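Okay, so here's the structure we're looking at.
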Amino acid sequence: MGLNLDPLIRCPMLQWIETNKLQKVKRAIAIGGILFAMAFFVLQIIEPAYAQQSVADPNSPLNVGLQTIEQPLGLPSTDIRLIIANIIRAALGLMGIILVILTMYAGFLWMTSAGNEEQIAKAKNIIRNAVIGLAIILSAYSIVLFVMKMLGVGDGVVSGPTITVPGTENFQGSGALGKIIKDHYPVRNQIDVARNSKIIITFRRPIRSSEFIIDTNNDGIFGNCKPDMTDWVDDCDRAKLESQYIMINRTDTGAPIAAAAIMTTTSILNNTTGVYTIVIKPITDLNDHPSGGYLGASNEKIGYTVRLGGGIKLDDPINNDPPALTPSTIGNNYYDWQFTCSTELDVAPPKVVSVFPEAGAKEARNSVIQIDFSEPIDPTGIQGRFSDVGGYFKLAGDNIYLQSGYSSVPVGAFVLTNGYRTLEFTPETVCGENACGGKIFCLPVCDVAGATCNADTYKILLKAAQTLNANSFEARPFTGVMDLAGNALDSDPFGKVNVAPTDLPVFSNWEKPDNYVWRFELTKDVDKTAPYLVRIMPGVEAENIPKDYPWAMVFSKRMRVDPMYGITVVENPPPINNIPLWILPRISFGNIFTTTTMYHGPFLDGMREDYMPILTSAIEDVHFNCFYPGMGPGGTVEKNEHLWISNVCDPNGDRSRCCLVDGAVGSDFCCNGEVVASKSNTTTCINSLK
Numbered sequence: 001m002g003l004n005l006d007p008l009i010r011c012p013m014l015q016w017i018e019t020n021k022l023q024k025v026k027r028a029i030a031i032g033g034i035l036f037a038m039a040f041f042v043l044q045i046i047e048p049a050y051a052q053q054s055v056a057d058p059n060s061p062l063n064v065g066l067q068t069i070e071q072p073l074g075l076p077s078t079d080i081r082l083i084i085a086n087i088i089r090a091a092l093g094l095m096g097i098i099l100v101i102l103t104m105y106a107g108f109l110w111m112t113s114a115g116n117e118e119q120i121a122k123a124k125n126i127i128r129n130a131v132i133g134l135a136i137i138l139s140a141y142s143i144v145l146f147v148m149k150m151l152g153v154g155d156g157v158v159s160g161p162t163i164t165v166p167g168t169e170n171f172q173g174s175g176a177l178g179k180i181i182k183d184h185y186p187v188r189n190q191i192d193v194a195r196n197s198k199i200i201i202t203f204r205r206p207i208r209s210s211e212f213i214i215d216t217n218n219d220g221i222f223g224n225c226k227p228d229m230t231d232w233v234d235d236c237d238r239a240k241l242e243s244q245y246i247m248i249n250r251t252d253t254g255a256p257i258a259a260a261a262i263m264t265t266t267s268i269l270n271n272t273t274g275v276y277t278i279v280i281k282p283i284t285d286l287n288d289h290p291s292g293g294y295l296g297a298s299n300e301k302i303g304y305t306v307r308l309g310g311g312i313k314l315d316d317p318i319n320n321d322p323p324a325l326t327p328s329t330i331g332n333n334y335y336d337w338q339f340t341c342s343t344e345l346d347v348a349p350p351k352v353v354s355v356f357p358e359a360g361a362k363e364a365r366n367s368v369i370q371i372d373f374s375e376p377i378d379p380t381g382i383q384g385r386f387s388d389v390g391g392y393f394k395l396a397g398d399n400i401y402l403q404s405g406y407s408s409v410p411v412g413a414f415v416l417t418n419g420y421r422t423l424e425f426t427p428e429t430v431c432g433e434n435a436c437g438g439k440i441f442c443l444p445v446c447d448v449a450g451a452t453c454n455a456d457t458y459k460i461l462l463k464a465a466q467t468l469n470a471n472s473f474e475a476r477p478f479t480g481v482m483d484l485a486g487n488a489l490d491s492d493p494f495g496k497v498n499v500a501p502t503d504l505p506v507f508s509n510w511e512k513p514d515n516y517v518w519r520f521e522l523t524k525d526v527d528k529t530a531p532y533l534v535r536i537m538p539g540v541e542a543e544n545i546p547k548d549y550p551w552a553m554v555f556s557k558r559m560r561v562d563p564m565y566g567i568t569v570v571e572n573p574p575p576i577n578n579i580p581l582w583i584l585p586r587i588s589f590g591n592i593f594t595t596t597t598m599y600h601g602p603f604l605d606g607m608r609e610d611y612m613p614i615l616t617s618a619i620e621d622v623h624f625n626c627f628y629p630g631m632g633p634g635g636t637v638e639k640n641e642h643l644w645i646s647n648v649c650d651p652n653g654d655r656s657r658c659c660l661v662d663g664a665v666g667s668d669f670c671c672n673g674e675v676v677a678s679k680s681n682t683t684t685c686i687n688s689l690k
């Protein structure tokens, strides 16, 4: 058929809808002001709150943007909620002083009455009225305090849901994520990051490592450690910690870390081999051997800012190695993000959560191989191609091994993706064409000379890193599969530290914990069953979407992971200063379905903002099948308790709830939940929705 299917979802963002709350608060304050007078001790309750002069971070991009507008106009920059709160506090303080004066005056009358019953009665009456007034004041104060807490002001701290100023611009320095920067760890604004974790950054195009790495080893390789590496401080290349390259600083003080050991990993994307990923081991203490110290502290949580500068260049000699970060594509010539370290070290080992093909399963030969881990994994030594070493195949890095009975070495490459949680091997041998005209790739099955079989068994072994001792999963660097904190892979169901034998042969002696081994069978069949979208959120034409609302898609089959990074979104109107909304996919696998959640920057709400996600025919299942015939959620959105979710598309149920592409109709495109023959591609669909 050779047709593309681009299911598209439109998520309109209406303008700020909280404008009516301020008038209600003002009326509540006015009524409360008529009722209260306050006792002296109330001053002690509210006094510390005066130190809180802003309910937002003064250094946040939002406040910086507001100051740009306020200063030329001579407008006050104090938050309006804080102004109201201070007025109330001043009134409460004044009433408290009056109450103290009345109480002292009543006491004076009583003490000087000399038995005068009329004067004593007057004093009692003043005290009684003051007590009644105090009760009214405390009740009113409680009501006002509750209201202000709902607005994010109260007891001198920020709490409760807050009203935020409408946003009209994506965050400065964030637009590269989802563009030239494919992924990184820790993710943006991640909290409770382990102190002993590494930092990883992956680009979409190969980069020149010699620009920002010091070849400390003097071996001509930029981004490696000595073969017998034992010390992070002395045995590895260093990153140039300069503003035009890489900076890792404390967010609060701006203090830089002491140094950074850096490793590069070579991988293959779009048939281009190069350095796409850099792995950074922060060094905070040059005298702490061999670890180099850890981020953060054991007694407080500390935030860090990572900045990538314009001096990082692409490895593209044909175009004179241009800068990786340019304002023309991301609005800035830098990229930065923040994360916060916990007070703890990560000592828990990673585990394999799921694999495809599953252990003992029988699958068609047009399959990818997936290994999904419980946490992000160090990419060093687990990406690349297999080579035939006689009797089995070994991946570059010596950490993954494959054996088959009657099949040749698989041509393709392993890539660590999905936030460094999923290893995905994509074969490169073409064996057919999918419904969209795209290529289907296959693993070899019974293709060696003399083979007469129609199915073959594959066995794959992941070598766990070697632990330092039998009581801990802390591993020797570069000795096998480990997480980003240096903990070795654990395949023991009881969590026991096991050290598998290292003497040959691999596929008998090494098939023991903590190495991970599984078997599956591949047939010569080709699976051409197309996937479809079961549900999306927000749904088609969902409105008034909260700025941090999840954006997710549920697919009917197990899907390939890496193509999910090709999901895009069109913003209407276009972003200010050419800074796009940052997006980052995370994929989770169920027994049948696959859920893709798109992490994203805050949706803008300063005006009507339409967001139009685009899923092209490049989004494929694990058998390289695209969306054709097209099928996905259509119809109205179900809104239940603030859940903006689409209908469920079930081809065996109510088909009216689906957007169905029927080849006989003459259209190959599902646009905004409907099949419209006149809108047969992304451009015509997007233009019709703007």
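Mapping to the UniProt record's numbering: the sequence shown position 355 is 355, numbers consecutive. Using N, Cα and C, we set each Cβ at its ideal position, and we do this for glycine too. In this text, all values refer to a predicted model and were calculated from it rather than measured experimentally.
Could you pull out every residue in the same chain whose Cβ sits closer than 6 Å to the Cβ of residue i, ignoring the five residues on either side in sequence?
| i | result |
| --- | --- |
| residue 408 | 444, 447, 448 |
| residue 520 | 357, 361, 458 |
| residue 205 | 314 |
| residue 348 | none |
| residue 164 | Here the model assigns residue 164 a pLDDT of 48, short of 50, so the residue's position is not dependable, and the following value carries that caveat. Around residue 164: no qualifying Cβ. |
| residue 694 | Beyond the ends of the chain as shown, which are 1 and 690, falls residue 694; an answer cannot be given. |
Note down, in chain order, each residue of its chain lying with its Cβ closer than 8 Å to the Cβ of residue i, except the 5 sequence neighbours on either side.
| i | result |
| --- | --- |
| residue 533 | 7, 553, 554, 555, 556, 615, 627, 631, 632, 633, 649 |
| residue 285 | 258, 292, 293 |
| residue 328 | 578 |
| residue 224 | 217, 236, 237, 263, 264 |
| residue 548 | 602, 603 |
With burial defined as no fewer than 16 other Cβ atoms inside 10 Å of the residue's Cβ, what is the status of residue i: buried or exposed?
| i | result |
| --- | --- |
| residue 121 | exposed |
| residue 623 | buried |
| residue 298 | exposed |
| residue 71 | Since pLDDT at residue 71 reaches only 43, below the 50 mark, its modelled position is unreliable, and no value is offered. |
| residue 421 | buried |
| residue 289 | exposed |
| residue 671 | buried |
| residue 685 | buried |
| residue 228 | exposed |
| residue 94 | exposed |
| residue 467 | buried |
| residue 104 | exposed |
| residue 539 | buried |
| residue 92 | buried |
| residue 107 | exposed |
Start and end of the beta strand (DSSP E) containing residue i?
| i | result |
| --- | --- |
| residue 249 | 246-250 |
| residue 387 | 386-388 |
| residue 308 | 302-308 |
| residue 395 | 393-395 |
| residue 537 | 533-537 |
| residue 551 | 551-555 |
| residue 584 | 583-589 |
| residue 544 | Segment: none, residue 544 is in no beta strand (DSSP E) and carries neither H nor E. |
Compute the distance between the beta-carbons of residue i and residue j, then report whether it is under 8 Å.
| i | j | result |
| --- | --- | --- |
| residue 583 | residue 599 | yes |
| residue 277 | residue 379 | yes |
| residue 462 | residue 400 | yes |
| residue 266 | residue 303 | no |
| residue 194 | residue 345 | yes |
| residue 213 | residue 262 | yes |
| residue 343 | residue 296 | yes |
| residue 429 | residue 442 | yes |
| residue 438 | residue 617 | yes |
| residue 530 | residue 652 | no |
| residue 197 | residue 488 | no |
List the endpoints of the continuous alpha helix (DSSP H) containing residue i.
| i | result |
| --- | --- |
| residue 257 | Counting along the chain, residue 257 falls outside any alpha helix (DSSP H), and DSSP gives it neither H nor E. |
| residue 509 | 506-509 |
Looking only at DSSP bridge pairs, what is residue i linked to?
| i | result |
| --- | --- |
| residue 514 | Residue 514 is not bridged to any residue. |
| residue 313 | 323 |
| residue 184 | 201 |
| residue 472 | 469 |
| residue 362 | 521 |
Skipping 5 residues on each side, what residues in its chain have a beta carbon closer than 7 Å to that of residue i?
| i | result |
| --- | --- |
| residue 334 | 173, 307, 308, 309, 310, 325 |
| residue 364 | 523, 525, 526, 527, 623 |
Is residue i close to chain D, meaning its C-beta is less than 8 Å from at least one C-beta of that chain?
| i | result |
| --- | --- |
| residue 183 | Looking at the structure shown, chain D is missing, and only one protein chain is on hand. |
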